[in-house]
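For reference, the structure discussed in these notes is given below.
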Amino acid sequence: MTGRSLNAPDWLTARPIAHRGLHSKQSGLVENTPAAAMAAITENYAIECDVQYTKDGEAVVFHDFTLDRLMRAEGRVDAFRASELGHFAYKNCDQRIISLPAFLAGIGGRAAVIVEIKSRYDGDMRLADRALAAAAAYPGPVCLKSFDPAVLVHLRALNAMCPLGLVAQARYVGDEWAGLPQEQLAGFTDLRDFPLARPDFLSWSLGDLPHAVPMLCRAGVGMPVMTWTVRSQKDLLHARAWADQIIFEGFEP
111 MTGRSLNAPD WLTARPIAHR GLHSKQSGLV ENTPAAAMAA ITENYAIECD
161 VQYTKDGEAV VFHDFTLDRL MRAEGRVDAF RASELGHFAY KNCDQRIISL
211 PAFLAGIGGR AAVIVEIKSR YDGDMRLADR ALAAAAAYPG PVCLKSFDPA
261 VLVHLRALNA MCPLGLVAQA RYVGDEWAGL PQEQLAGFTD LRDFPLARPD
311 FLSWSLGDLP HAVPMLCRAG VGMPVMTWTV RSQKDLLHAR AWADQIIFEG
361 FEP
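Its first residue numbered 111, the sequence shown is counted upward by one per residue in my numbering.
Structure representation (structure tokens):
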């Protein structure tokens with residue numbers, strides 16, 4: 111893990127990162143909405159958001175692969191055009207799903223934005239292409255990250271100028287990971303694709319810290335480590351011992 115410089119500017123660790131924006135049930139602000147982003151800007155936090163691919167080739171700001179959990183609609187996000195998604199109502203607010211370019215335009219360079227590119231691990235890089243184009247047009251600090259190292263390999267091949275990060279953890283359990291071979295998941299944890307992906311930073315699960323992989327990356331090459339999801343002052347103290355940056359929700363650090 112030596113022999114190259116990292117694209118890891120100071121803004122990556124300057125301000126705590128609001129997980130999917132500054133949202134909470136108490137405030138009535140829902141994750142990944144423009145209102146949650148505006149709330150983070152007001153409190154001077156960086157903003158993390160997730161992107162999914164639509165039927166007509168747009169990147170929209172939404173975490174899940176399906177609409178069911180958050181929306182008054184059902185089905186896969188990629189079964190709908192971006193314009194159709196924009197008509198669906200959230201269950202608990204009057205916001206709408208918007209495209210990543212529109213989301214970034216609303217922020218307008220007033221905050222650092224960390225964009226997580228969702229992947230189905232099938233080699234389809236159209237969402238990565240669209241996210242990179244949107245990031246390149248953003249007038250403020252922005253970076254891209256993904257659980258899928260193949261996404262970073264692809265972005266490297268496109269000579270992405272913004273920082274690129276790998277999201278990883280020690281244990282991959284649950285339905286989200288059920289379709290992937292255990293050997294592949296073990297490779298994600300061990301960063302076996304590190305030489306090709308060449309991440310500038312890591313985003314590592316808080317519950318797995320301390321862990322040898324992020325410790326080695328920090329000590330060996332000075333790679334910044336973000337950790338998620340920090341939900342309390344107790345979590346914050348733990349995160350500060352093992353990471354350089356936090357991604358938080360449910361409280362304010």
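Using N, Cα and C, we set each Cβ at its ideal position, and we do this for glycine too.
- When Q292, L306, E286 are compared, the shortest CA-CA separation from A267 is found for L306.
- Of all alpha-carbon atoms in K201, C159, D310, the one lying nearest the alpha-carbon of L210 is that of C159.
- For D160, no alpha helix (DSSP H) segment is defined; the enclosing uninterrupted segment is the beta strand (DSSP E) at 156-163.
- About 6 Å separates the beta carbon of L274 from that of D310, a gap short enough to meet the 8 Å contact definition.
- Around the beta carbon of F358, 16 or more other beta carbons lie within 10 angstroms, which makes this residue buried.
- Secondary structure of I207 (DSSP, three-state): coil.
- The secondary-structure analysis by DSSP pairs K255 across a beta bridge with E226, G275.
- For T143, the three-state secondary structure derived from DSSP is coil.
- Secondary-structure assignment with DSSP links W352 through no beta bridge to anything.
- Across the structure, S342 and F361 are spaced so that their CA atoms are roughly 6 Å apart.
- Assigned with DSSP and collapsed to three states, S137 falls in coil, not helix or strand.
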